[in-house]
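Which chain is which? The protein sequence lines are F and X, in order. Everything in the first sequence is counted per the numbering used here, starting at 20 for the first residue and increasing by one. Everything in the second sequence is counted per the numbering used here, starting at 212 for the first residue and increasing by one. Beta carbons are placed, not taken as given, at the ideal position from N, Cα and C, and that holds for glycine. Since the structure is predicted, the reported quantities are computational estimates derived from the model, not experimental observations. Taking it in order: structure first as structure tokens, then the write-up.
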Amino acid sequence: MKKRIHPVRHVVMIAVLVVILFPLLWIFTTSIRRDNAAFSPELFSNQTTWQNYKDLLFPKKNIPALYNELVNVYNLGKPYNRMSQQEIQKLLNNDFRSYNNYFEETRTLSESISSNASWIIVNYLPKVKKLAVNDVRKNSIEDMTYVSTVDSYLSRKFNILPDNYKIAGLKAILSSVKKTPNIYSLNLIGSYFPDILKTHETFETTTKMASEKIRNIVREVSILLAAVNEPTARELVEAYQKTYNLLRNGTFTYSKWFAPIYLRGINLNTNRLSGIVSKNLFDKLRKIKNDTFGIIGKVHMAESNYNDALDNATLKVENVRNTLLVTLESSLTALNGRYTSLIAKLNTLNSNSLSYFSAMSNDASQISIFANSIVPTSRALEDTVLVIKDALKRFKPTASDTGLFIDVSSQLSSIKAWLSLSTKYPIFNTITKSVKRIMTNLEYIQSNESFIASHSNLDAIMNAKGALPLILLKLKSGLEQSLVALQNYDSLAQKYTENSEEIPKLKREISKISSQLTPIQNKINAILSRISLASLHFETEVAFKRLTDMQKKISTFESANMFLNTLNSYYAILQNSNFYSALPPMPKSSRYDRFYETQKLEDTMTLSIVTAKMMKEANNQYAVYLDTLKRRTPSYIEMKFLGVPFSISELNTISTFYHDQYVSKISPNLSIISRRTSDMMVKGYFGAINGRLNTINNSSFNLRQIWMIKYLPPFLRWMLNSVIVALSAAIITVFLSSLMAYPFSRMRFLGRKYGLMGILLIQMFPTMMAMVALYLLLNFIGKFFPPLGLNSLGGLAFLYIGGGIAFDTWLIKGFFDTIPTSLEEAAMVDGATRFQTFWRVVMPLSVPILAVVTILAFVGNFGDYILASIVMTSVNKYTLAVGLQTFSTSAYQTNWGLLTTAALLGAIPILVLFLSLQRFIVGGLTQGSVKG
Amino acid sequence: MISIRKIVLWFFVAIVDALLGWATITLIVNRSYGLSVIVLLLLFFIDYALINPKAYPYRYMVPAVIILFILTIYPIYYTVELAFENYATGYLWSREQAINIMLDEIVMKPHPKFFGYSVYTLYKDYKPTQNFLILLKDSKNNLYVATQPVKNGKYEISQFKALNNGKVTINGVNYALIRSLKDPSKIVAVSVNGRIYNYFYNPSDSETIPNLRFFNVNYSSILSNTEFINPRMGTFFFTTTYGFNKIVSAQHKYALAVRTVTENGRSIEKSVLVNTITNQIVQEHDSAFWDVDPKTGNETQIIGYYKFVAFNNFRRLLTDPRITGPFFSVFLWTFEWAALSVLLTFIVGLTFAIILNNREMRFRFIYRTLLIIPWAIPAFISIIVWRIGFFNVSYGIINRIFLEQWLHLPALNWLGDPLLAKIALLIVNTWLGFPYMMVISLGALQSIPGELYEAASIDGSSKWYSFKRITFPLLMTPLAPLLVASFAYNFNNFNVIYLLTGGNPPIPNAITPAGATDILLSYTYKLAFAGTTGRDYSLAAAISILIFLIIASISAINFKLSGSFEEVNR
């Protein structure tokens, strides 16, 4: 048959394969990423590194790790306490050498960062800045169109608004003018409040004129005082000068703090000069001073006029706004107040109900406690009365019966009170029944008192007379005490009922009020929305004019930045307004990416230079500290060996220094630099310097590898544990199973059938279901033979062997059955014993199959998690399956680089084994499954 | 020749018997009766197999049977035993152990006396040794010598006696104080029959702090277990309240005593446990000992012990509403999970098998190999990647990149929402399991003769029709037992559940640690090993037995289907 090509089928197959194998692809790409994938918005990254593989397979101590080793060595902790002094000295020398290598490397790397960054700032940045400015100029046209569209849209809506809404909308812009006056806003306000514009103009011109005059005065005074060599004179000139400066900058009015100080300075210093300079000169100075004050006074006057105008306008706007809302708001407040008070009332009622209820159940339980004594006593009373009745059966009451038997009237009265309450509540039915019984009996005694008393010589009556006082006493105390509880319960129950009736009424009232609230709120919202439309219109007018002016002036990077800032703050106002959804869509902000990227480039490069400098300094300082320590080391070691207890404070100094400098300052900067440079390379605006950015990125990454604290899991140890346990268990299991399988396959003996059935049954019982027993068993064995106990590789292998034998025996027996017996018979004829035929004939024939079973067992053991997690408790004894799970909870949870690397490294051996032997393994697994 | 072999054999038998005999005795001494019976059975089996020539076939089985007995049969027996006891947190001791623990408890007397103390040590080669004695000082600054503690049963006993003029004789040993010449208030050493014990450690003397480490390592374990006895002053201990700061007059909280108790309406003399503080008899009911408060009559549990409770655990499973509800939801989900897993993996696997079964297709082998990969990676590795990298709520790429970034959808709480967690589990399990189904379906498809299809196409049947009428029925004959086996496997597929969701999210209001995605096996595991509020081993064992019964019946069906029973009879 000829093979045809079905392109569509292959394309679909490949697509499906990509989806199915995506996790694997992801594991690989994530394991070689340089950035932190758990926080990156990109699925893949083009910044790659083999660092994770190096860290797991060939872990190398970096600076913090070396430091930790130093601390351990100096404290002679494990395993260093077993080393000799020479060995420790040698070890330390090695550490110091590695330290020096790292210092050298740090120097080179920092140097490369700072040189590249300065090159970029000097040679490249000006060019891209120019490009960015052009970009802004070009793109801003679209924004201006947009703003004007918005402006005309809003104007149309604005124009149909009634005047008072328009004025109410001025509030925001007025308050902004009050803070910082600008010509755009003032012009706008001027069309509603001409006063403000006029006073502001007057104020400005006054200030300008005053500034001219004071300038002349400054010149004059400095000439007059040129010859006076006194500090006071200098101070006077200075005070004039500063006053002038304030006026010239137009900041006079807004610096309410400085102006009076300078004026006081003028006044004070002029007065002080009275005795120092000639009278003539002093008079001149005084005149000048008075002139100055006059000028300043005018400025003040103009200013206060302007402020008054502003305040008036604000007041008017507020008034307009309030009149629009006043009636509605007051009714809203009233309703709201009523609403909250009702809600509070409801809450009290609810909580009352709850507290009544709990108090009632308290009382009920009290009563049930007394029931414990009342119920049996009632029986005793009944018995007593029965005895009396029995004794009196033979007699008839006569009129002559006299005497007192026993007084029960007080009990009866309390019983009546009791019953009048208790019969109301069905929960007391049981006890009520007993109390009723008491009542009937007591009534009998009371009504027949004289009859009984006249026969008191009878034995039974005498007995009853002896028993009754105690019974009555018990009854009295029980009834009286429970009566209190009962009364309490009754009053509470009444309150509870009243309370519960109140609640639905209140709820109805509340819902009525809330239905009234909504329309008012809606009206208010409608008014507010109109006002905010006016307000937004004003904002837009101002922003439009200002932006138009600014856009024309864009020439430098700074002016472009200012334009964009203003634009963005205006856009933010738009986005937060209610009308945003009605407006046409905004131009995309990504059009200014180049500009922002350029800004970021400048920031990043500046940061790189600063950080590289810091790194270099920290590095040198660290080296100095370490050198000191190195010099003193032989003495320190000797002291430690002689048992002198002391702590090495140099180590603390180094640690503090490391945390102060690297951890809190340099490390965050380095991550920022790394991230930003890699971002910039991806975005591709600066293709020409990609090489340099890459160098900076590399260097900062490498610096962090040297300096940051790494928590590396003992991956190789785990892997080794897994392999040792899984492999040894697999080999032993298969050996024992083939021994067991042989007689089942070849011999006939008592119990063969039930033995096989038993094996079949046993292998269904998963090992992990007996885990409690296995845990205790290993614990027990471990007491006598630790290598097979808990937390030992042997113990785990032991469990795997036990778990696998039944299944493997069944499997191997099946294989043995397929081997023809003729070979064995031939061997037996030649004189071989049974065992020899097994060992020399059957086993060699089944080696390939046994190998496959071994590998299957190995793979199965390797993948076990649960038994290993129960048996292994110390980190160094973990198998890979257990160790890898620590990634899901510990600090590695977001360290995807290490996680995926460990996953890949752990998976590859099994994957390769599986795929290369797939035909056998698949065959073995499916056959095995047929059997169970 | 033969005789040598016999001798070797007998020697071997002797060694095995000795070992197992010793093990049996040790086990009986340790009260592990179940295990000892198992070992004894093993011993008989081995002896029989090794000694009787007719039992030759059994000799091959000896090593495997030993291991089977210890690691499979005994645990099964133990699990069954456990299922009928109330072995759980709070009830982890046998009754005797519980009584012993109570008898060991020490409390301070209501108005205790205190001693400060100093340790004096015999030095050898300028190093402190294990020989030490204690100098006690009461609140009136009277001094007493306490001898080196001597092991006596469970406790160390140390006698102490007041010093008279700086001298005392205890048990014929003379103790004499040696005072500092410079400052006579300081006692620098004690002479014991002429040997000098140097001043070593005193908790209130900061100068001796350097010796604290040695004290902690070498003496503290002895001292914490020491009763200091003086015939006139009573017993003193280091108590947990004061640690190693003071020696306090104390007593055993519980003691055995003969009291008159009322039992079944009759008063009898009986040996009972008595609380020595309240002087009340300790009550025993509900598988625990209880202290009675003499004023209120309230009872507080002291310690529980385990005992045989018959079918109580099974009854709890069926009647206690707080256990039953979660248990049945777990039970139901276990079946849903196994069935859906088989169904999904089979559908996906069969689809690929049908595509790859086309002999005209190129690169079939490559596709097949690539598709096997999910199966070939150890499950614990792929599951953790799915869990951390894909399904994590805040970092996982499904939420963070696929849903939020690409599709602009809200993030889903994959492992926290019951339904989503189940969906996530099924996705992962399908990914893990479809290659197996593909492989077995491929095998079965290849065994269907092609002539059938040719005949069908001549008769003009459509592709779908021939799939329905030829492929599927012929496929199911060999695959049915495999699917049932796969159902049984997934029924107990602990790894996926436990490693992906841990059985979470928890079912609200359950008193056992049941989760919405727990299957029976993971639920059992959590009951026994991971309960935060307590471990209920017996309930776990009871559920284990239920699981075993279910699996055994499923497997029995399967063996019928696959003819394994016939193989046994062959």
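CB residue i to CB residue j, shorter than 8 Å?
i       : j       : result
A521(X) : Q512(X) : no
T714(F) : S129(F) : no
L293(X) : Y734(X) : no
S596(F) : L555(F) : yes
A784(X) : L731(X) : In the structure as shown, chain X starts at 212 and stops at 781, and residue 784(X) therefore has no counterpart that could be examined.
S475(F) : D420(F) : no
N211(X) : R533(X) : This structure leaves residue 211(X) out entirely; chain X is present only between 212 and 781.
M624(F) : A136(F) : yes
A792(F) : T290(X) : yes
F177(F) : A553(F) : yes
N640(X) : V596(X) : no
T380(X) : S369(X) : no
May I have the straight-line CA-CA distance separating residue i from residue j, to the nearest angstrom?
i       : j       : result
S274(F) : Y203(F) : Note on S274(F): pLDDT 49, under 50, position unreliable in the model; no value is reported.
E665(X) : N569(X) : 14 Å
N81(F)  : I407(X) : 53 Å
N814(F) : P264(X) : According to the sequence as given, residue 814(F) is Gly; it is not Asn. G814(F) and P264(X): Cα-Cα distance of roughly 34 Å.
L769(F) : Y267(X) : 11 Å
I504(X) : T489(X) : What sits at residue 504(X) in the sequence shown is Asp, not Ile. Near 8 Å, if we compare the C-alpha coordinates of T489(X) and D504(X).
T403(F) : E474(X) : 29 Å
A921(F) : A587(X) : 16 Å
D426(F) : L461(F) : 10 Å
L924(F) : S600(F) : 53 Å
T873(F) : I820(F) : 12 Å
K518(X) : Y302(X) : 9 Å
Y884(F) : V901(F) : 6 Å
L365(F) : I522(F) : 7 Å
For residue i, collect the residues of the same chain with a Cβ closer than 7 Å to its Cβ; drop the 5 residues on either side in sequence, then sort them by chain order.
i       : result
Y99(F)  : N91, V92, I107
Y794(F) : I889
T768(X) : It should be pointed out that residue 768(X) corresponds to Ile in this sequence rather than to Thr. For I768(X), where only same-chain residues beyond five positions count, the Cβ hits under 7 Å are V695.
Under 6 Å Cβ to Cβ from residue i, same chain only, skipping five residues before and after it: list those, please.
i       : result
L561(X) : S652
K348(X) : G327, L354
D74(F)  : L731
Y121(F) : I82, I725
Counting only the same chain and skipping the five closest in sequence on each side, list residues whose C-beta sits under 8 Å from that of residue i.
i       : result
I762(X) : A699, F702, N703
I393(F) : I450, S453, V454, I457, L494, G497, L498, S501
Can residue i be considered in contact with the ligand SAH, in the sense that its beta carbon sits closer than 7 Å to one or more heavy atoms?
i       : result
S387(F) : For the ligand SAH, the structure offers nothing, since it holds no ligand at all.
Can you find at least 3 beta carbon pairs, one from the stretch 647 to 667 of chain F and one from the stretch 143 to 155 of chain F, that sit closer than 8 Å? no
For the stretch 427 to 436 of chain X and the stretch 272 to 280 of chain X, state whether three or more C-beta atom pairs, one from each stretch, are separated by less than 8 Å. no
Tell me whether the stretch 772 to 781 of chain F and the stretch 913 to 923 of chain F touch, counting them as touching only if at least three CB pairs, one residue from each stretch, are closer than 8 Å. no
Could you say if the stretch 692 to 699 of chain F and the stretch 618 to 638 of chain F meet the contact criterion of at least three C-beta pairs nearer than 8 Å? yes
Evaluate the contact criterion for the stretch 616 to 627 of chain X versus the stretch 534 to 547 of chain X: three or more CB pairs, one atom per stretch, below 8 Å. no
Count the CB pairs spanning the stretch 855 to 869 of chain F and the stretch 725 to 744 of chain F that are closer than 8 Å, and state whether there are at least three. no
Count the C-beta pairs between the stretch 580 to 598 of chain F and the stretch 559 to 567 of chain F that are closer than 8 Å, then say yes if the count reaches three, no if not. yes
Flag this pair as touching only if the stretch 300 to 312 of chain F and the stretch 159 to 177 of chain F have three or more C-beta atom pairs under 8 Å; answer yes or no. no
Give the list of continuous alpha helix (DSSP H) stretches no shorter than 4 residues that lie fully inside the stretch 452 to 540 of chain F. 468 to 473
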